Ligand code: UDP
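Numbering (the numbering used here), first residue to last: 0 to 256.
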């Protein structure tokens, strides 16, 4: 344990090179995705990622509210990311604060770049992300959940958007930060990837890292996103693939002599 002022700083990387939860630097937390978890939404997904629990619901294409936001040549993409008051250790004041507004905006912009919005002029595609339990990386978990929910709603997209936060902790580059690593690490770099093209559609950074560390972080994040992509596709397959019915037992056409 080190200390910053009166605050105890946990040792983020042990002598064996492992992190506080035993993970290697390039290891993701366990990720489980359930597509179509809600019945009333047009599309939905529930994501359990480490200690994060996030629900996403998608509605639309539907009438635009407020009306003046309507665009004649394409659908608009609206997102509301919200953290439940009970989702964190210290009760969060309910409602949309500046952080939630920022996260809602960057997530909507990420999806605007992959949704074929021109196919649905004068409509709105509305994404709701509810964080029920938070342990860092919730904007990425929200993006992953919303991606699967959009696909579940049948919204045409270039691709799904896997997302993950990479960071610098104890001087090392690490994949998928948990809360202590996010709080006490040197840098946090959430990103979202279009897997087919390798294009990044969300990239933010808090803290400091040099150019070489940034480059290694991006490489590690891309590898992480590709693993997350596989889990996302599997969630959709689990929901939609129909197992072929077992062949009917053959019935003899003629009675044996
Ligand atoms: N957090 C919190 N209270 C808040 C906002 C965040 O306890 O009002 C915690 C929560 O666990 C969150 C983490 O801090 O996941 C990191 O927040 P950040 O703003 O970096 O976003 P995130 O990593 O969740 O995308």
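A virtual CB, placed ideally from N, CA and C, is assigned to each residue, including glycine.
Computed from a predicted model, the values in this text were never measured in an experiment.
Inter-residue Cα distance where the pair is residue i and residue j
i, j, result
"residue 80", "residue 137", "10 Å"
"residue 98", "residue 107", "14 Å"
"residue 209", "residue 113", "30 Å"
"residue 83", "residue 129", "7 Å"
"residue 163", "residue 207", "18 Å"
"residue 281", "residue 192", "What is shown of the chain runs 0 to 256, which leaves residue 281 out entirely."
"residue 88", "residue 133", "9 Å"
"residue 139", "residue 181", "13 Å"
Same chain, Cβ closer than 8 Å to residue i, five either side skipped, listed in chain order
i, result
"residue 36", "43, 44, 45, 54"
"residue 148", "34, 40, 42, 43, 44, 55, 56, 57, 126"
"residue 95", "79, 81, 103"
Contacting residues, own chain, Cβ-Cβ under 6 Å from residue i (five flanking each side not counted)
i, result
"residue 74", "60, 116, 119, 122, 124"
Environment of residue i [buried if 16+ CB atoms lie within 10 Å]
i, result
"residue 28", "buried"
"residue 240", "exposed"
"residue 110", "buried"
"residue 85", "exposed"
"residue 177", "buried"
"residue 104", "exposed"
"residue 9", "exposed"
Assigned secondary structure, residue i (DSSP; H/G/I helix, E/B strand, else coil)
i, result
"residue 20", "coil"
"residue 183", "helix"
"residue 212", "helix"
"residue 148", "helix"
"residue 226", "helix"
"residue 195", "coil"
"residue 106", "helix"
"residue 7", "strand"
Cβ of residue i within 8 Å of any chain B Cβ
i, result
"residue 172", "Absent from the structure is chain B; it holds one protein chain and no more."
Same chain, Cβ closer than 7 Å to residue i, five either side skipped, listed in chain order
i, result
"residue 200", "109, 112, 113, 160, 191, 193"
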